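Under this note's numbering, the first residue of the sequence shown is numbered -9, with each subsequent residue one higher. These notes concern the structure reproduced below.
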Amino acid sequence: MGSDTIYLDNNATTRPHPLVVEAINEVLGDGFGNPSSIHGVGEAARRRVDAARSQVAELIGARETEVVFTSCATESINTAMRGVIDAARTERPRALITAVEHEAVHDVGAWLSSRGVEVVVLPVDGDGVLDMDRLDAELAHEPALVSVMLANNETGVITPVAEVAQRAKAAGATVHVDAVQAVGKLEIDVEGLGVDLLSLSGHKFHAPKGIGVLFVRRGSRSRPFVIGAGQEGGRRGGTENVPGIVGIGVAAEHMGAGIDARRAHLGALTQAIEERLQAIPDVRINGSRNGRVPGTVNVCFKGIEGSAVVLTAARDGVCLSAGSACAAAQYGGSHVLEAMGVPFEYLHGAVRISCCETTRLAEVERACEVIASAVSYLRAMGPSSALGDA
Ligand code: PLP
């Protein structure tokens, strides 16, 4: 990344923190042991894994024995959802997810449904907030699994997970939460939330790619997905990714510290971005005003393609995203904005700006100027300003 690049795509991935890089380099050099080996080199690796498990447990208020390391949040989500359904005692189990979940949850939902599970997709309102009445109505049918996200990756909208979990548990369901986009922006306390399973992804909070976490509450009704030689207490087979685990441990400790200051900084950036973008004609900021994590702004520009704005801004060294990185790769419209009822003429004009703790005010100010001039340029080109023209 060039020194003048402005990176505002932190919901897609984050730069590993210098302390994370340092710790991983040390492991790659000297700490290469297999944690299952019973000699000194293996034991040293085991100690590193144990320390990282404590750091992650501390971040989310879990017991160390409830933290399972995986390869990514997608694996954690597969393990959680498939594992709960696998353990369900009914013949035709039901699962509830929401319309705004990440593709990982939706695609597992589709897979479960192809295997005879009744998967119900709960709607959200125009602010992107879950319809709690509909949740209650569906809970009456006693689902085995309820899976919701804590913070949405496209809009930052927060789901009232503690309330969902309380109602779902009372109805006998096992509750999974995708907390990937909440780390370091919201306090995550598995006791306060009252959930059974919770997924995290290292690369969304300054650890590297290839490492994820699944919190599995002691005694919860779920089965393992990756079966192997008994690692992770038999809940996830495969030799541990020690460098990744050490990295996510250091990142977790860093994220847990200074959360108030980080939130305040991200809040100020969000406000600055919104004030500037609202000055552009025919614009709408998506998602509940008060119920969003700080640092994510999802904005739609009427009549133009969000991807065209992203590509035009990229020429000026500003990295943004049109909706989610996954949706951008498929050049599709956003299922999240569609579920929120964003009008057609705005729907394809979505741009996501996502900051992190090191993002500077001057960077978002410059990015907003670049976005405003990209929008005027594309609008001047007329309705044919599609992807290829940008
Ligand atoms: N859930 C959410 C909300 C996400 O934003 C992402 C990644 O974009 C995932 C799950 C999947 O994470 P991973 O890349 O670790 O598989």
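The C-beta atom is built at its ideal place from N, Cα and C for all residues, glycine as well. Quick caveat: nothing in here was measured; it's all calculated off a predicted structure.
- Taking 7 Å as the cut-off, the C-beta of residue 325 does not count as close to any heavy atom of the ligand PLP.
- Following the DSSP letters along the chain, one finds residue 166 inside the beta strand (DSSP E) bounded by residues 164 to 168.
- Here residue 187 is near residue 210, since their CB atoms are less than 8 Å apart.
- Cα atoms of residue 43 and residue 335: separation of roughly 48 Å, rounded to the nearest angstrom.
- Straight across, the Cα-Cα distance linking residue 114 with residue 284 is about 20 Å.
- Taken through DSSP and simplified to helix, strand or coil, residue 137 comes out as strand.
- By the 16-neighbour rule on beta-carbons within 10 angstroms, residue 18 is exposed.
- With respect to residue 267, residue 358 sits close: the two C-beta atoms are nearer than 8 Å.
- The straight-line gap separating the alpha-carbon atoms of residue 78 and residue 30 is approximately 42 Å.
- A heavy atom of the ligand PLP is found nearer than 7 Å to the CB of residue 64.
- Taking 7 Å as the cut-off, one finds at least one heavy atom of the ligand PLP near enough to the beta carbon of residue 1.
- Going by DSSP, residue 64 is part of the alpha helix (DSSP H) stretching over 63 to 77.
- The three-state reading of DSSP puts residue 88 in strand, counting E and B together.
- The alpha carbon of residue 244 has as its nearest neighbour, out of 100, 48, -8 and -2, the alpha carbon of 48.
- Residue 94 has its CB nearer than 7 Å to a heavy atom of the ligand PLP.
- Annotation for residue 290: the continuous beta strand (DSSP E) segment containing it runs 286 to 291.
- A distance of 8 Å or more separates the beta carbons of residue 172 and residue 129.
- At a threshold of 7 Å, residue 288 does not count as near the ligand PLP, since its beta carbon sits no closer than that to any of the ligand's heavy atoms.
- Ranking 62, 368 and 53 by CA distance to the CA of residue 194 puts 62 first.
- Along the segment 170 to 200, the beta strand (DSSP E) occurs as fully enclosed runs of 3 or more residues at 187 to 191, listed in sequence order.
- Taking the Cβ atoms as the reference, residue 85 lies roughly 7 Å from residue 99, within the contact range of under 8 Å.
- Going by C-alpha positions, residue 103 is about 12 Å away from residue 95.
- Secondary structure note for residue 344: its beta strand (DSSP E) is the uninterrupted segment 340 to 344.
- Remark: C-beta atoms of residue 50 and residue 178 approach each other more closely than 8 Å.
- In the DSSP assignment, residue 14 falls within the alpha helix (DSSP H) that extends over 8 to 20.
- The three-state reading of DSSP puts residue 260 in helix, counting H, G and I together.
- Boundaries of the beta strand (DSSP E) harbouring residue 111: 108 to 112, taken from the DSSP string.
- Assignment of beta-bridge partners to residue -1 by DSSP yields 344.
- Restricting attention to 191, 76, 41 and 1, the CA atom closest to the CA of residue 60 is found in 191.
- DSSP places residue 36 in the uninterrupted alpha helix (DSSP H) bounded by 30 to 50.
- Short note on residue 143: C-beta closer than 7 Å to some heavy atom of the ligand PLP.
- Between the C-alpha atoms of residue 349 and residue -3 there is a straight-line separation of about 8 Å.
- Rounded to the nearest angstrom, the gap between the Cα atoms of residue 352 and residue 253 is 18 Å.
- Separation of the CB atoms of residue 201 and residue 237 is rounded to 6 Å, and the pair is thereby assigned contact status at 8 Å.
- At a Cβ-Cβ threshold of 8 Å, residue 11 and residue 242 do not count as neighbours.
- In the structure shown, the three-state DSSP call for residue 236 is helix.
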